[in-house]
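Trainee: Questions regarding the structure given below will be posed in turn.
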Amino acid sequence: MNETRRFGPKKADHPSVRESCPACKQPFAKGDYTALMPLGPSDNKEEQDKCRDGLAYNAVAVEVHYACATGIRNE
Ligand SMILES: [Zn+2]
104 MNETRRFGPK KADHPSVRES CPACKQPFAK GDYTALMPLG PSDNKEEQDK CRDGLAYNAV
164 AVEVHYACAT GIRNE
């Protein structure tokens with residue numbers, strides 16, 4: 104069971120439509136399913152402290168196609 108949360112299908116007027124997926128460099132399009140991949144605490148000192156101490160923290164994340172994150176295509 105894949106635990107990556109799936110978002111979508113993307114509507115034509117979604118703000119990230121036509122932006123590029125950082126994994127495959129292809130633009131997001133209407134109907135795409137996507138996932139948010141956490142990167143880490145960024146340069147936020149409080150979030151870095153929590154991350155380093157093994158506590159829950161707010162991570163910055165990037166949107167990628169769901170298939171780019173999981174290998175699971177949605178056609
Ligand atoms: Zn992609």
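Numbering-wise, the sequence shown is residues 104 to 178 according to our numbering.
A virtual CB, placed ideally from N, CA and C, is assigned to each residue, including glycine.
Quick one: grab the DSSP three-state call for residue 126.
Mentor: Here residue 126 corresponds to residue number 23 of the sequence shown, with the count starting at 1. Here residue 126 sits in coil by DSSP.
Trainee: Keeping to the same chain, check which residues put their C-beta closer than 6 Å to that of residue 151; ignore five residues upstream and five downstream.
Mentor: Here residue 151 refers to the residue found at position 48 of the sequence shown. Counting only Cβ-Cβ distances below 6 Å, and skipping sequence neighbours, we find 144.
Trainee: Nearest to residue 163 by alpha carbon, out of 141, 172 and 123?
Mentor: Looking up residue 163 in the sequence shown gives position 60. With distances taken between Cα atoms, residue 163 lies closest to 141.
Trainee: Let me check you understand the geometry: is the CB of residue 167 closer than 7 Å to at least one non-hydrogen atom of ligand 1?
Mentor: Here residue 167 refers to the residue found at position 64 when the sequence shown is read from its first residue. Within the cutoff, so yes.
Trainee: Please find out if some non-hydrogen atom of ligand 1 comes closer than 7 Å to the beta-carbon of residue 129.
Mentor: Here residue 129 refers to the residue found at position 26 when the sequence shown is read from its first residue. Yes, since a heavy atom of ligand 1 falls inside the 7 Å radius drawn around the Cβ of residue 129.
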